[in-house]
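Note sheet for the following structure.
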Amino acid sequence: MSNTARIKTAPKLSPIWLIPIIALFVGAWMLLQHQLSQGQTIYIKMPHAEGIVAGKTEIKVRSVKIGTVDAIRLASSRDHVIARAQVDNHYDNLLTEDAKIWVVKPRVDESGVTGFSTLFSGVYLEFAPGESKQLTDRFELQEEPALIANDVKGGRYKLISRDAEVLEVGTGVYFKGYKIGQIETANFDWQQQVMRYGLFINAPYENLVTLNTVFWVNSGLEFDLSADGINVKTGSIAKMLKGGISLATPEGDPPGPVAKQDHTFSLSDSYKAALEQRFYDYQHYLIEFEQSIRGLREGAPVEYRGMRIGTVEQVPAEVMIDGRPAHFSNTSNAVPVLIRIEYGRLYRDSAQAREFWQSHVDELLQQGLKASLKPGNLLTGAVYVDFDIYPDSELVGLTQRGDYTVFPSTSSGITVLANQVNDVLNKVKGLRIEESLAQFESTMARYETLAVDMRQFMSDPSMKALPKEFTQDMADISQSMRQFEQSMEQFEVTMASFQNGSKMYQQMQSSLEQMQRLMDELQPLSKGLKEQPNMLIFDKELPADPLPRSDN
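Here the working numbering is used: position 512 in the sequence shown is 499, and no number is missing along the way.
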């Protein structure tokens, strides 16, 4: 008897397969956890990878590690490097578009030595989070570290410098010698050819920055040589070594409204220059001088009876009139000078000063107001423009040349004195004393004849028969004539002393000759002072000796 086989269907999935499935699941979960623990991947564009090591260089915020550079490659354009970094997922919210990143390495600057620890641990990347809400994964490495963190309170302002010396990032900003901020950025605008600075003023000192605040470079040593004389100012040794920017409200001016963030100011090379450059409300005038302008410099003061009212802008005036320079004129040999009347110097309220000047300038011109050159400093030879009233001069009003208003001028100084003395000498020469004496002698001869006739008439016997009153009148006339004769005799003696050959005449002639010689000597002095005002201190500049030339 045969047994019947029992056929059982084997299960399609063996329990043994649970082990690799579980292992695969665990591996995937671990890989996911690893990826999640890696956080956000970011890319940093940098000019070079000096000191950066993949897998080692860390990214830190306030010395706390938030990520690591894991790869470095050269960009396809070959002009920069791309570094890939992983940031921990706890810090994803720090990756804002206005965040800054830079390399921390040993540096020596105004604030001292920083990054010294990287000599042993290697460089790392410092990450400064921004304030934007927009996140990004693309960043660009900064060449210099951010000096001011975004969470530091204060105000940021801009400076434009055209003539002052170039300052470095980190240079301090001072108010009355106390540091209140520093230069945060410095860039050269090659198109405008100016330096542009970004300043950060720590809170609460940003309230010191008002609309009428002036900024200037404080080098610690100021040396000023101008028409006002020589002025030397020194500061502390630290200022002389470090320099810096100073700010202040001009003396006598009340503080203006507080300036808003990113307001632009002008940076001057000295406090004096800052005071002069703060007058933005002015009017240009063209002055044509009929004398040498040697010694007149740009920036020289324009004064009215000792009061500063403006500044010389161009010497000579580099302006175009009718398509050619102003000093290329066929009708005049005068040298044009461009000045500006600054209304803020006339009065604190420049709008009120402008109204007063424009409404009274014609009246002043009718009184003889003119511009002239006056010596400011014999040591330096500097001169300045002076406005004053010359009532005896020809009255001249304002004229127009092209787009510029021409202000009348007059000569001054030794030239005027020489002309006046010459006029006196010419008038003395024109008196013709000898002719006057000859006419006087002829008149006296006629008078003596008349006197003889009167005596004969009075001694005539027939005069006794005339009335007593008439006789008394004639006696009075005779007495008066005798007195007149005595006066004329004395006058004749006096006038005789002025005759040709007399001692008085010789003395007078000698005095006139000395005055003439003095004037002859003053003429080259006047001319020399015109050409070189400081020739009284320094030797007059002479032309170079001619070089011998061969006849061949």
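In this text, a Cβ means the ideal position worked out from N, Cα and C, and glycines have one as well. Just so it is clear, the structure is predicted and the values come from calculations on it, not from any experiment.
> Using a threshold of 7 Å, is the CB atom of lysine 259 nearer than that to any non-hydrogen atom of the ligand GDP?
Replying inline: As far as ligands go, the structure on display features none, and thus does not contain the ligand GDP.
> Thinking C-alpha only, which one of Gly109, Val91, Ser108 is nearest glutamine 129?
Replying inline: For the purposes of this step, residue 129 is taken as residue 142 along the sequence shown, with counting starting at 1. Proximity to glutamine 129 across Gly109, Val91, Ser108 peaks at Val91, based on C-alpha coordinates.
>> Alpha carbons only, please: which of Ser255, Asp150, Leu82, Pro93 is nearest the one belonging to serine 119?
In response: Residue 119 sits at position 132 when you count from the first residue of the sequence shown. The residue with the shortest Cα to Cα distance from serine 119 is Leu82.
>> Within 10 Å of its beta-carbon, does leucine 112 have 16 or more other beta-carbons around it, so buried, or fewer, so exposed?
In response: Taking the first residue of the sequence shown as position 1, residue 112 is located at position 125. Buried, by the Cβ-count rule.
>> Checking 8 Å against the spacing of the C-beta atoms, do valine 74 and glycine 54 come in under that value?
In response: By one-based count along the sequence shown, residue 74 stands at place 87. By one-based count along the sequence shown, residue 54 stands at place 67. It is a contact, given that the beta carbons lie within the stated cut-off.
> For the candidate residues Lys163, Thr172, Gly14, whose alpha-carbon lies nearest to that of tyrosine 192?
Replying inline: Residue numbering aside, residue 192 sits at position 205 when the sequence shown is read from its first letter. With respect to the C-alpha of tyrosine 192, the residue from Lys163, Thr172, Gly14 having the closest C-alpha is Lys163.
> Measuring CB to CB, does aspartate 168 end up less than 8 Å from isoleucine 188?
Replying inline: Indexing the sequence shown from 1 puts residue 168 at position 181. Indexing the sequence shown from 1 puts residue 188 at position 201. Before going on, a small fix: residue 168 reads as glycine here, not aspartate. Yes. Within cutoff.
> Taking buried to mean at least 16 other C-beta atoms within 10 Å of its own C-beta, is serine 396 buried or exposed?
Replying inline: Here residue 396 refers to the residue found at position 409 of the sequence shown. Per the 10 Å Cβ criterion, buried.
> Buried or exposed: where does phenylalanine 12 fall if 16 or more other Cβ atoms within 10 Å of its Cβ makes it buried?
Replying inline: Position 25 of the sequence shown holds residue 12. Classification for phenylalanine 12: exposed.
> Of the residues Met33, Met17, Thr28, which one's Cα is nearest the Cα of glutamate 131?
Replying inline: Numbered from its first residue, the sequence shown carries residue 131 at position 144. Among Met33, Met17, Thr28, the Cα nearest to that of glutamate 131 is on Met33.
>> Out of Phe394, Trp203, Ile9, Ala260, which one is the CA nearest neighbour of glutamate 277?
In response: As a working mapping, residue 277 is identified with position 290 in the sequence shown. Checked all of Phe394, Trp203, Ile9, Ala260; the closest Cα to glutamate 277 is Phe394.
>> Tell me which residue opens and which closes the beta strand (DSSP E) that phenylalanine 114 is part of.
In response: Within the sequence shown, residue 114 is the residue found at index 127, counting from 1. Looking at the DSSP string, the run of the beta strand (DSSP E) that includes phenylalanine 114 is 111 to 115.
> If you compare alpha carbons, which of Glu275, Asp268, Ser346, Arg295 is closest to valine 302?
Replying inline: Taking the first residue of the sequence shown as position 1, residue 302 is located at position 315. The shortest C-alpha to C-alpha distance from valine 302 to any of Glu275, Asp268, Ser346, Arg295 is the one to Glu275.
> What three-state label does DSSP hand tryptophan 344 in the structure shown?
Replying inline: Position 357 of the sequence shown, counted from the start, is the residue given in the question as residue 344. In the three-state DSSP reduction, tryptophan 344 falls in the helix class (H, G or I).
> Shortest alpha-carbon distance to glutamate 305 belongs to which of Tyr272, Pro323, Arg149?
Replying inline: On the sequence shown, residue 305 is found 318 positions in, with the first residue counted as 1. Looking at the Cα atoms, Pro323 is the closest of the given residues.
> Is DSSP giving isoleucine 8 helix, strand or coil here?
Replying inline: Locating residue 8 in the sequence shown gives position 21, where the first residue counts as 1. Isoleucine 8: helix per DSSP, three-state reduction.
>> Just to confirm before moving on: does the CB-CB distance between phenylalanine 542 and isoleucine 69 stay below 8 Å?
In response: Outside the shown range of the chain, which is -12 to 539, sits residue 542, and nothing can be said about it.
> How many angstroms separate the CA atom of threonine 298 from the CA atom of arginine 265?
Replying inline: Numbered from its first residue, the sequence shown carries residue 298 at position 311. Numbered from its first residue, the sequence shown carries residue 265 at position 278. The straight-line gap separating the alpha-carbon atoms of threonine 298 and arginine 265 is approximately 12 Å.
> With C-beta atoms as the reference, is tyrosine 258 less than 8 Å away from valine 196?
Replying inline: Position 271 of the sequence shown, counting from 1, holds the residue named residue 258. Position 209 of the sequence shown, counting from 1, holds the residue named residue 196. Not a contact, by the Cβ cut-off of 8 Å.
>> Just verifying my parser: in three-state terms, what is the DSSP assignment at leucine 234?
In response: Taking the sequence shown and counting its residues from 1, the one referred to as residue 234 is at position 247. Strand.
>> Let me confirm a value: aspartate 373 is counted as buried when at least 16 other C-beta atoms fall within 10 Å, else exposed. Which label applies?
In response: Here residue 373 corresponds to residue number 386 of the sequence shown, with the count starting at 1. Aspartate 373 should be labelled buried.
>> Please classify leucine 404 as buried or exposed, where buried requires at least 16 other C-beta atoms within 10 Å of its C-beta.
In response: Sequence index remark: in the sequence shown, residue 404 carries index 417 (1-based). Because leucine 404 carries a pLDDT of 49, less than 50, the predicted location of this residue cannot be relied on, and the following value inherits that uncertainty. When all chains shown are included, leucine 404 counts as exposed.
>> Quick check on the DSSP output: the alpha helix (DSSP H) that includes lysine 52 runs from which residue to which?
In response: Along the sequence shown, read from residue 1 onward, the residue named residue 52 stands at position 65. Secondary structure note for lysine 52: it is in no alpha helix (DSSP H), and the uninterrupted beta strand (DSSP E) holding it is 51 to 61.
> Mapping DSSP to helix, strand and coil, what is isoleucine 376?
Replying inline: As a working note, residue 376 is residue 389 in the sequence shown. Strand.
> Shortest alpha-carbon distance to tyrosine 267 belongs to which of Trp16, Pro362, Lys52, Arg341?
Replying inline: What you label residue 267 is simply residue 280 of the sequence shown in a count that begins at 1. Cα-wise, what sits closest to tyrosine 267 is Arg341.
>> For valine 139 and valine 160, I'd like the C-alpha separation in whole angstroms.
In response: As a first step, residue 139 is located in the sequence shown; it is residue number 152 there, counting from the start. As a first step, residue 160 is located in the sequence shown; it is residue number 173 there, counting from the start. One C-alpha to the other measures close to 16 Å.
>> Out of Tyr272, Ser233, Lys247, which one is the CA nearest neighbour of alanine 260?
In response: Translated into the one-based positions of the sequence shown, residue 260 becomes position 273. Of the candidates Tyr272, Ser233, Lys247, the one whose C-alpha sits nearest the C-alpha of alanine 260 is Ser233.
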